[in-house]
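> Chains as they are written, first to last, in my numbering: chain A, 268 to 410; chain B, 268 to 410. Quick one: structure below, then a few questions.
2 protein chains.
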Amino acid sequence: MFSKTFGYALRSLVYISLNSNEEARVGLEQLSKGLDIPHHFLGKIMQNLVKHGILDSIKGPNGGFYVNAKTAETPVLDILIITDGSLVFDQCALGIKRCNATHPCPMHEDFATCRNGMLQAMSHKTVRTLAEEVKAGKSFLAL
Amino acid sequence: MFSKTFGYALRSLVYISLNSNEEARVGLEQLSKGLDIPHHFLGKIMQNLVKHGILDSIKGPNGGFYVNAKTAETPVLDILIITDGSLVFDQCALGIKRCNATHPCPMHEDFATCRNGMLQAMSHKTVRTLAEEVKAGKSFLAL
DNA sequence: ATAATAAAAGACCTTTATGTCTTTTATTGC
DNA sequence: GCAATAAAAGACATAAAGGTCTTTTATTAT
């Protein structure tokens, strides 16, 4: 459905939200072990999140990743757009080039309903809301 | 969302439903031009549909693809399973290995709602219902 | 029989996603 | 300054999806 990169990024952001503060940043080592994600691959993903400004990092001893002003309020949808591009929801599931409400493919309505539901959920939920759920033990970030 | 193969297969089945009868089969040439799908790639996809028995074909002059007893009643979901495998709907969107109602990822509920809606639509709609829509001019198979 | 036609089959190529490894750069504590 | 640490950066590897090309096989019409 979505790329692995998206799942890795989202879970990492929530993990860092729950485990970082001014003193203790979260290193790649801890992240990749805690979430069972390949170390170096995760490195690139995190780089990209930092580059997009929704997370901060610092090098050197006691360095690592930590939340900034934007992190908690970042909608899940923003993360998807960073990792998978804005196209994900725009393209026709049957691969028809110009498919829209006035010139629909035979599955257009069904897909649109599903898509809108996902868009709704992903734009309302943020890193903060997910972190709160996980903190309350209602949901989980890893096996 | 789904593979291109799935879209190609579904559109081809509907196209053949609308354009074949005992006399006139639909050849790859016509299919690939009519639906703007790469000729040889489509060949393999069609082979697979024939192998799965939801479509028939015959070689030689005036050969081509044509509907059989199963074609019209094939649910869209069956086509998806043939082209993309049954896993598509089973895996967690965040990539967590064991993610289910009792051990959910933070987005589990939202994804489940979307997935169930799609499953519902895809198991109820068949090649026949889609073909009827297209025949009535309510929806389209190509740009 | 032979030639033409068209699907079946399979070898190969390209791109994208995913993942690994090594080197560089910034920061810290001594 | 120097060594240790950890992210940044980039080269490289692997697998899957998507696509092209050629050869084989079955069918038909002459």
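Ideal Cβ positions, reconstructed from N, Cα and C, are used throughout, including at glycine.
1) Could you name the residues of the same chain whose beta carbon sits closer than 7 Å to that of Cys-347/B, not counting the 5 residues immediately before and after it, in chain order?
2) Excluding the 5 residues flanking Leu-397/A on each side, which residues of the same chain have their C-beta closer than 6 Å to its C-beta?
3) Spell out a yes or no on whether the region 283-299 of chain B and the region 327-343 of chain B are touching, meaning 3 or more CB-CB pairs, one atom from each, closer than 8 Å.
4) Can you give me the start and stop residues for the beta strand (DSSP E) that Asp-323/A sits inside?
5) Within a Cβ cutoff of 6 Å, which residues of the same chain sit near Arg-395/A, ignoring the five residues on either side of it in sequence?
6) Determine, using beta carbons only, whether Leu-298/A and Leu-309/A come nearer to each other than 9 Å.
7) Enumerate in chain order the residues of its own chain whose CB-to-CB distance from Leu-386/B is below 8 Å, with the five nearest sequence positions on each side excluded.
8) Does DSSP put Ala-332/A in a helix, a strand or coil?
9) Tell me which residue opens and which closes the alpha helix (DSSP H) that Ser-279/B is part of.
10) Ala-404/B: buried (16+ other C-beta within 10 angstroms of its C-beta) or exposed?
11) Among the residues of its own chain, which have a CB less than 7 Å from the CB of Leu-361/A, if the five just before and after it don't count?
The relevant details are as follows:
1) Per the sequence shown, the amino acid found at residue 347/B is Leu instead of Cys. Counting only Cβ-Cβ distances below 7 Å, and skipping sequence neighbours, we find Phe-269, Phe-273, Val-355 and Met-389.
2) Answer for Leu-397/A: Val-281, listed in chain order.
3) With the cut-off at 8 Å, the region 283-299 of chain B and the region 327-343 of chain B touch.
4) Per DSSP, Asp-323/A is one residue of the beta strand (DSSP E) stretching across 323-325.
5) Sequence-distant partners of Arg-395/A (beyond 5 residues in either direction) whose C-beta falls short of 6 Å from its own C-beta, in its chain, are Ala-339.
6) Yes, they are a contact pair.
7) Answer for Leu-386/B: Leu-344 and Phe-356, listed in chain order.
8) Position check: residue 332/A holds Phe in this sequence, whereas Ala was assumed. If DSSP states are grouped into helix, strand and coil, Phe-332/A belongs with the strands.
9) Looking at the DSSP string, the run of the alpha helix (DSSP H) that includes Ser-279/B is 271-286.
10) Per the sequence shown, residue 404/B should be read as Gly rather than Ala. Answer is exposed; the Cβ neighbour count stays below 16.
11) Contacts found: Cys-372 and Met-374.
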